[in-house]
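Numbering (full-length UniProt numbering), first residue to last: 1 to 214. Even for Gly, the Cβ is constructed at its ideal location relative to N, Cα and C.
And the structure:
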């Protein structure tokens, strides 16, 4: 591999997360400087075309939805922000989601639907969906009482079909979850994610990242 570009002089602190948009046209980077930068490849030269501000503390994670119409960010300030992608590389805050009681570690859109997932230092996973009035709300909280993790949850990943999810944690386990994907596609926001299995005994320290092959 050959380095094609070095993106600098935008963030002033650690860059914690980066992700390509589904089309590959844009790159979003989340930083401890409390901003999210949007980069565009223009003739082989990457340019910062937008800087998203609003979080009070470090931005920990960033995620695009499948249609590239929405971007989600999360922060140490315990909030999740949903940004609507506007023409001309403009971004407008569509909603600020408050539900976690501690640092939010990751946000992840469902691979086929506009359902958002967040995981946190508060040991929970929250599932967010938009209602008929355009408001976003939490439709499920997965905690220890639901066979969830007993410590900080660091990452979330989905299989290609989107009917299974895996999470990883400080508690040294991976947990696999499943949901009725057809029920979700029909618009039933009462479909719950259920615990399928726990993988343990393989790692002896914190599991920070997990990713399902496609």
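Annotation: residue 185 is outside any beta strand (DSSP E); the continuous alpha helix (DSSP H) that includes it extends over 181–185. Assignment of beta-bridge partners to residue 195 by DSSP yields 177. Note on residue 106: 16 or more other CB atoms within 10 angstroms of its CB, so buried under the neighbour-count rule. Only exposed fits residue 25, as fewer than 16 other CB atoms lie within 10 angstroms of its CB. Residue 53: member of the beta strand (DSSP E) spanning 45–53, first to last residue. Scanning 114, 110, 140, 183 for the CA closest to the CA of residue 156 turns up 110. Bounds of the beta strand (DSSP E) holding residue 116 are 116–120.
With a cut-off of 8 Å on Cβ pairs, the stretch 205–214 is in contact with the stretch 162–179, counting three or more such pairs. Judged by DSSP in its simplified three-state form, residue 41 adopts strand.
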